[in-house]
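In the numbering used here, the protein residues as written are 127 to 191. We put the beta carbon where it would ideally sit given N, CA and C, even for glycine. Keep in mind that this is a model prediction, so the values were computed, not measured. Here the structure comes first, spelled out in structure tokens, and everything after it is commentary.
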């Protein structure tokens with residue numbers, strides 16, 4: 127999958143991740159540890175996706191390790 131997304135797609139994914147976090151924060155049956163794990167996972171996913179305008183021209187995008 128392309129690591130770099132265009133602005134609208136980047137914003138859509140970000141909004142989706144934030145909606146998911148908000149929904150889970152409101153769910154009383156979700157424990158704090160679960161919420162922390164989910165937030166960590168969402169942050170990791172968000173970091174893996176860079177917006178297209180951050181890609182320096184002429185450089186190879188960083189390879190995920």
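{"query": "Nearest-angstrom Cβ-Cβ length linking residue 168 and residue 147, presumed shorter than 8 angstroms", "result": "6 angstroms"}
{"query": "Test item: CB-CB of residue 143 and residue 161 under 7 angstroms", "result": "no"}
{"query": "Rounded separation between residue 190 and residue 170 - CA only", "result": "11 angstroms"}
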